[in-house]
Amino acid sequence: MHGVSLHHYLRLKRLWAVRVQLMTGGDGLTVKAAALGNGFWHLGDFSRSYRLVFGEAPSETLARGRRPLHLAIGA
Numbered sequence: 000m001h002g003v004s005l006h007h008y009l010r011l012k013r014l015w016a017v018r019v020q021l022m023t024g025g026d027g028l029t030v031k032a033a034a035l036g037n038g039f040w041h042l043g044d045f046s047r048s049y050r051l052v053f054g055e056a057p058s059e060t061l062a063r064g065r066r067p068l069h070l071a072i073g074a
């Protein structure tokens, strides 16, 4: 990635890793577990960053990821 500091790039990479987990995680997964598992220790800062990058709260991603596929695609 060009024009981005190494710190910012790594943070975005970790945010994407959390997003993938939230979208594909099972019933036992929590936002807290996904965030902590990817190196985010300050959960308020994590949540703000997640919303800024993806335009939704991490809990919204998790809820959508838990919906059955036919409901998620609007069938």
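Taking numbering that gives the first Met the number 0, the leading residue of the sequence shown gets 0, the next gets one more, and so forth.
Just so you know, even glycine gets a beta-carbon here, dropped at the ideal spot from N, CA and C.
Secondary structure at Arg-66: coil, using DSSP grouped into helix, strand and coil.
Rounded to whole angstroms, the gap between the alpha carbons of Ala-34 and Lys-12 is 12 angstroms.
The Cβ atoms of Gly-64 and Gly-24 lie closer than 8 angstroms to each other.
Straight-line spacing of the CA atoms in Gly-27 and Phe-39 works out to 19 angstroms. In the structure shown, Ser-46 adopts helical secondary structure according to DSSP, grouped into three states.
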